[in-house]
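Reading through the structure tokens given below for one structure.
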């Protein structure tokens with residue numbers, strides 16, 4: 152398709168208020184929260200809190216926007232190194248983390264149906280269909296890094312067919328990429344991205360089930376200043392979104408011995424024993440930190456974390472070493488809270504190489520930040536275990552290589568409000 156001469160993509164139209172949405176929402180004021188937004192806890196600590204003047208040397212997601220997503224309307228959520236989302240049941244904590252996880256999946260190249268397997272459940276309450284009986288939702292994020300803050304906004308149609316109907320990538324008020332559904336009969340959207348030079352803007356169709364921002368590095372040559380700006384912004388967003396590990400340890404699945412494998416921790420942590428086998432030999436310092444944490448959070452004497460590896464490829468069993476002249480305790484005999492604690496502590500103390508994830512290849516791992524997503528972070532944990540996990544989170548996140556975004560109960564949130572470096576976002580307002 153022949154590029155046009157204009158230097159700016161045409162801005163998509165605003166959807167009608169009653170019809171969720173068929174085009175992306177107009178860019179709002181960063182940090183603004185409208186009805187259904189959040190209020191930061193009054194006791195939120197400021198030490199270690201990120202401000203607009205802070206420069207991020209690695210790509211990180213600093214803001215999540217749910218302009219029309221489930222129960223959230225015009226909501227803007229800050230995301231710092233350690234961010235805990237609190238609020239009563241039904242306040243939208245799980246939906247918020249689901250939105251974050253979906254964006255991460257799309258940034259990793261997943262199809263829309265993989266990122267939103269329950270898309271109809273994300274349609275805002277009481278949303279009315281438009282004349283074509285279409286309904287959907289809107290969400291977005293801001294990713295900061297070496298290129299500066301970059302905004303990504305997305306409009307998804309959930310009914311009658313799941314598809315992306317509008318996407319916008321922008322920086323400093325300048326639109327770098329805009330897509331819009333022009334022909335509902337085609338499974339594509341019309342995209343326009345900044346080219347610069349004598350061409351101005353390049354227009355081409357993109358699939359309506361993939362994130363256009365993630366496809367740009369394959370489409371843009373980077374031969375003009377405008378193209379290089381687009382590439383830098385897109386790659387920054389993709390790196391941040393791909394460096395996400397959703398974690399939901401399932402104690403019942405962690406009790407059985409597991410066959411030896413690659414030693415990469417699964418989302419449900421069912422292969423914890425195999426990962427401990429690996430970390431004991433390859434990550435001595437981190438394994439020692441995990442052992443020290445187990446002494447604090449597990450009942451009884453803990454002399455170490457060990458594994459039993461039978462010959463011939465038989466299943467691996469993880470053990471708590473109870474010290475000389477005392478029988479070891481298999482992890483299968485531990486309580487659910489102890490197992491969840493060990494799994495979450497391992498995730499916070501390790502890195503992408505030990506987790507079942509595929510980080511971006513655009514940057515070396517040392518220049519990426521792992522973000523751990525954990526819904527019901529403190530489920531089944533007592534106060535001592537929750538406090539120790541928060542200590543580990545501050546220890547790991549303080550080094551700049553790990554971030555934590557988690558939903559927690561009120562007891563954990565109340566304790567965290569008194570901790571410098573932890574940001575508690577209260578969804579009860």
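Numbering (my numbering), first residue to last: 152 to 580.
For every residue, glycine included, the Cβ atom is placed at its ideal position computed from N, Cα and C.
Taking 6 Å as the line, does the beta carbon of residue 230 fall inside it for any heavy atom of the ligand GTP?
Ligands displayed in this structure: none; no statement on the ligand GTP is therefore possible.
Measure the CB-CB distance between residue 440 and residue 457 and report whether it falls below 7 Å.
In this structure, residue 457 does not lie closer than 7 Å to residue 440 by Cβ.
So what's residue 285 in DSSP terms, helix, strand or just coil?
In this structure, residue 285 counts as coil in the three-state DSSP scheme.
Where residue 220 sits in the DSSP three-state scheme
In the displayed model, residue 220 falls within a strand according to three-state DSSP.
Along the chain, where does the alpha helix (DSSP H) that runs through residue 388 open and close?
Judged by DSSP secondary structure, residue 388 falls within the alpha helix (DSSP H) whose first and last residues are 376 to 393.
Cβ separation of residue 464 and residue 411, assumed to be a contact under 8 Å, to the nearest whole Å:
The beta-carbon distance between residue 464 and residue 411, rounded to whole angstroms, is 6 Å. This is short enough to meet the 8 Å contact definition.
On the criterion of 16 or more Cβ atoms from any shown chain inside 10 Å, does residue 376 qualify as buried, or is it exposed?
By the beta-carbon neighbour count (other beta carbons within 10 angstroms, threshold 16), residue 376 is exposed.
Sequence-distant residues of its chain with Cβ nearer than 6 Å to residue 234 (five each side left out)
Closer than 6 Å at the Cβ level, and outside the excluded window around residue 234, lie 556 and 574.
Hey, out of 521, 537, 485 and 256, whose CA is closest to residue 552's CA?
Out of 521, 537, 485 and 256, 521 has the C-alpha closest to the C-alpha of residue 552.
Which complete alpha helix (DSSP H) runs does the region 416 to 477 hold, if anything under 4 residues is left out?
Whole alpha helix (DSSP H) segments, 4+ residues: 423 to 433 and 435 to 448.
Assigned secondary structure, residue 548 (DSSP; H/G/I helix, E/B strand, else coil)
Residue 548 carries a helical assignment under DSSP once its states are collapsed to helix, strand and coil.
Presumed contact (8 Å Cβ cut-off) between residue 398 and residue 418, rounded CB distance
About 6 Å separates the two Cβ atoms, so the contact holds.
Let me check one thing: in DSSP terms, what residues is residue 353 bridge-paired to?
Looking at the DSSP assignment, residue 353 forms a beta bridge with 344.
Contact defined as beta carbons within less than 8 Å: I believe residue 341 pairs with residue 331. What is the distance between those atoms, to the nearest angstrom?
Contact between residue 341 and residue 331 is confirmed by a C-beta separation of about 6 Å, below the 8 Å threshold.
Start-to-end residues for the alpha helix (DSSP H) that takes in residue 364
For residue 364, the uninterrupted alpha helix (DSSP H) segment begins and ends at 363 to 370.
Between the beta-carbon of residue 491 and the beta-carbon of residue 531, is there less than 7 Å?
Annotated as proximal: residue 491 and residue 531, with beta-carbon spacing under 7 Å.
Count the other CB atoms within 10 Å of the CB of residue 92; is the residue buried (16 or more) or exposed (fewer)?
In the structure displayed, the chain extends from 152 to 580; residue 92 sits before or after that span and is not available.
To test your reading of the DSSP string, which unbroken alpha helix (DSSP H) runs of 4 or more residues are found completely within the region 249 to 323?
Complete alpha helix (DSSP H) runs here, min 4: 263 to 266.
Could you check how far apart the C-beta atoms of residue 430 and residue 437 are, in whole angstroms? I think they sit under 8 Å.
The pair is a contact, with the Cβ atoms about 6 Å apart (cut-off 8 Å).
Residue ranges of each beta strand (DSSP E) within the region 481 to 528, 3 or longer:
Segments of the beta strand (DSSP E) lying fully in the region 481 to 528: 521 to 525.
Using 10 angstroms around the beta-carbon of residue 579, count the other beta-carbons present and answer buried if the total reaches 16, otherwise exposed.
Exposed: under 16 other Cβ atoms inside 10 Å.
Starting from residue 564, trace the beta strand (DSSP E) in both directions and tell me its first and last residue.
Unbroken run through residue 564 is the alpha helix (DSSP H), 561 to 567; no beta strand (DSSP E).
Under the assumption that residue 577 contacts residue 238 (Cβ atoms under 8 Å), give the Cβ distance between them as a whole number of angstroms.
Contact holds; Cβ gap of about 6 Å.
Using 7 Å as the threshold, is the C-beta distance between residue 220 and residue 273 below it?
Less than 7 Å divides the Cβ of residue 220 from the Cβ of residue 273.
Would a C-beta distance cut-off of 7 Å place residue 384 and residue 301 closer than the cut-off?
The answer is yes: Cβ separation under 7 Å.
Hey, how far is the Cα of residue 475 from the Cα of residue 413?
Cα-Cα distance, rounded: 31 Å.
Give a yes or no on contact between the region 486 to 505 and the region 254 to 262, applying the rule of three or more CB pairs nearer than 8 Å.
With a cut-off of 8 Å, the region 254 to 262 and the region 486 to 505 do not count as touching, because too few Cβ pairs lie within range.
Where residue 208 falls, given that 16 or more other Cβ within 10 Å makes a residue buried
Exposed, since its Cβ has fewer than 16 Cβ neighbours within 10 Å.
What is the DSSP secondary structure of residue 577, counted as helix, strand or coil?
Residue 577 carries a strand assignment under DSSP once its states are collapsed to helix, strand and coil.
Cβ of residue 483 within 7 Å of Cβ of residue 406?
Taking 7 Å as the cut-off, the Cβ atoms of residue 483 and residue 406 count as close.
Select from 282, 271, 333 and 304 the residue whose C-alpha is nearest the C-alpha of residue 313.
Ranking the options by Cα distance to residue 313, first place goes to 271.
Straight-line gap, residue 343 to residue 352 (C-alpha atoms, nearest Å)
So the two alpha carbons sit approximately 6 Å from each other.
Taking the beta carbon of residue 462 as the centre, do at least 16 other beta carbons fall within 10 Å, making it buried, or is it exposed?
So residue 462 counts as exposed.
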